[in-house]
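Numbering (our numbering), first residue to last: 19 to 113.
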């Protein structure tokens, strides 16, 4: 499954702070439908993600009935991204 959407980068200040983009509801529903077949635990969904020219592997985190995409620091540096920036993300669900 491949998805593309845009969203704003936000920062979570937890014990392990990180940057994320929230998957829009429509795409989150599509992901929920296949989650039982691809999740490896805790509802995490393995994906290959791309923003601009940067591609990386990660896992979508379940949150509030939807999913969030963690944006690695190396991606932020390569694409010159910061909190509040709107990005277009392409996801390929790893099966």
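Backbone N, C-alpha and C define an ideal beta-carbon position, used for all residues, glycine too.
- For the pair residue 20 and residue 109, the Cα-to-Cα distance works out to about 6 Å.
- A Cβ-Cβ distance of about 23 Å is found for the pair residue 46 and residue 70, leaving them out of contact under the 8 Å criterion.
- Within the segment 23 to 63, the alpha helix (DSSP H) runs of at least 4 residues that lie entirely inside it are, in chain order, 43 to 56.
- Put simply, the backbone Cα of residue 29 is about 14 Å away from that of residue 81.
- Collapsing the DSSP output to three states places residue 67 in a strand.
- For the pair residue 78 and residue 86, the CB atoms are nearer than the 8 Å cut-off.
- Out of 44, 111 and 68, the CA that lies nearest to the CA of residue 105 is found in 68.
- For residue 22, the CB contacts under 6 Å within the same chain, skipping 5 residues up- and downstream, are 108 in chain order.
- Under DSSP, the beta-bridge partners assigned to residue 20 are 110.
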